[in-house]
Structure formats: C-alpha cells, structure tokens
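Quick notes on the structure that follows.
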Amino acid sequence: MSARRKGFLGLAVLALLLCSACQVTIAVGVDATQNGSGVVRAGVGLDDDALRQIPDLAQQLRVDDLKRAGWTVVGPRRESDNRTWVRASKPFANPPGAARAMTELNGPNGPFKGFRLTIEHPFLRTRTTFTGTVDRVGARGLADPTLQQQLGGSGVDPKVLEQQLNELIDRSVRTEVVAHLPGSISSNAPTAVSGGVVWHPKAGEQAHLLAASTAWNLRPIVFGGVALVLVAVAAVLWRRSRRRVTVTPPS
C-alpha cells in the first residue's frame, strides 16, 4: 500500500476496523471539460461514530506526498450532510494527466483501477469517454483456503457467510464514483445527476464503469454561421451597387 493511500483512502479502512457500527463514505470523481482538461476529486467522509474512533484525525492524515504532487487537500471539516470530510483535488490538462492523478491517489493496490478519459473529435462534435473498474474485494479479501475448509466441515456455507459479511461492509462503507462529462451522457451508471452520472459499487463486486458523452463544438458552428451571414450581406450589397451602376443615365 502506498504512503498516499495510507494517508487518505486508508482513513476509511481505519474507521471500519475500529467501529463496525460506523459509516464511512469514499467518494471519487472526475470532472472533464470539452477540451480534455478537468479535475480529479476524492473524499473520505466520516459520521460521528467513526470520528469518535479517530479523535486525532488531523494528525492521522499523511498527505505530504499528495501535496507535493500538486493536490489540494481540504479538511477535516464538517459539512452540510453532518459528516466530517477530508477532500483532495487535482487539475489535469489532458486525459493522460487524469490517469496519472488517479494513479497517484490510488496507488498500485487500490480499488480504483484503470480509470481513463479519451477524447475524440468527429465532425463538429467532441466525444468524451470515461472508463474504469472498481474492485471492492469485500469478504473475499478476508478469507483464506484453511478457513474455508474449516467452515465447510462445520456445516457453515462459506458463500452465505461471505454474502452476510459483504452486507455488513456495505452498511459501514459506501463507495461512490462520479463522472461529470460535457454534453449529453449515456452510461451503465444507475444514477444520473446534473451534468454527470454516479456509481455505487458494492462489497465483493468488481464494477466496470463506462460513460460517454457527446457535445457540439459551437465555436466553428457560430463562426461558420457568421461567415455565411457576412457573405450573404456582401452579395446583397454588391447586387445593389450593380443595379445603381446599371440604371445611372449618361450625362
């Protein structure tokens, strides 16, 4: 686990280990503009129970690496949802910059894998595509072959136990991925918000995220329209000037 992830996303793991009744939200988002630039955002929100388990939250944070890499870190601070949030954001100039930012945040073993933006420019349009995978191992990450063998011999179905543990994890830790893309959006996300879509991957699930948007490039359309109007006006003025020349009697 990288130092970056220990200092940021690791807060959620620490809170869960200390308090099974706690509720923690892990939020990750990508805001993309039509020219391929944008912002990667991340946050960890703790309810009061979780916060009581980490009274020295500000001291627990290890975000120096993130700050040196160009991230802005805000918090911990209480927000309107009555949770205490630590948030980080980093702007990017192009799609490769977005991928680098996610790698910095996630580390080599984090749950957010292969997050990518691609930009295409078909005629008078911009097509933006967001893809990625969220691998929430859930109870699978807590099991080993010896334990599964012992459970099988005791009459306990390991799959049923895994499902129950995953439900417990989902009640404690909520994962949210948001993609804001320019233009009209189509996606496999279950929820739409203003200008974007939202996924909530569950424990034990490997969620494959896909969203694509199409936006018109208004600048060439507007400039082209203005040019056509100017050409039309020039043609009218030219015809009028020709008529005046034609009807002028000789002196």
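Start counting the sequence shown at 304; every next residue gets the next number (our numbering).
Every residue, glycine too, gets a C-beta built ideally from N, C-alpha and C.
All figures in this text were calculated on a predicted structure; none of them were measured in a lab.
Runs of beta strand (DSSP E) with 3 or more residues, each lying fully within the stretch 319-391, are found at 327-335, 341-349 and 375-381, listed in chain order.
For Leu427, no beta strand (DSSP E) segment is defined, and its DSSP state is neither H nor E. Contact between Gly332 and Val481 holds: CB atoms are separated by about 4 Å, below the 8 Å threshold. Comparing alpha carbon positions, the residue from Ile329, Thr328, Gly498 and Trp519 closest to Leu427 is Trp519.
By the Cβ rule, the stretch 411-428 counts as touching the stretch 333-346, because three or more pairs are nearer than 8 Å. Taking 8 Å as the cut-off, the Cβ atoms of Val500 and Ile488 count as close. Pairing Ala391 with Ala353, the inter-Cα distance amounts to about 20 Å. Partner residues in the beta bridge of Gly499, as assigned by DSSP, are His483 and Val496.
Annotated as distal: Trp388 and Val343, with beta-carbon spacing of 8 Å or more. By the CB criterion at 8 Å, Thr406 and Gln509 fall outside the cutoff. Under the three-state reduction of DSSP output, Gly400 falls in the helix class. Annotation for Ala514: the continuous beta strand (DSSP E) segment containing it runs Gln509 to Trp519. With fewer than 16 other Cβ atoms from the protein chains shown falling within 10 Å of its own Cβ, Val377 counts as exposed. About 11 Å separates the CB atoms of Ala515 and Thr429; that is not less than 8 Å, and the two are not in contact. For Ala402, the CB contacts under 6 Å within the same chain, skipping 5 residues up- and downstream, are Arg419 in chain order.
In the displayed model, Arg474 falls within a helix according to three-state DSSP. By the criterion of a C-beta distance shorter than 6 Å, Thr375 is surrounded in its chain by Ser392, once the five residues flanking it on both sides are discounted. Considering only Pro379, Pro399 and Pro425, the residue with the shortest C-alpha distance to Ser340 is Pro399. Within the model, the alpha-carbon separation for Asn385 versus Gln326 is close to 12 Å.
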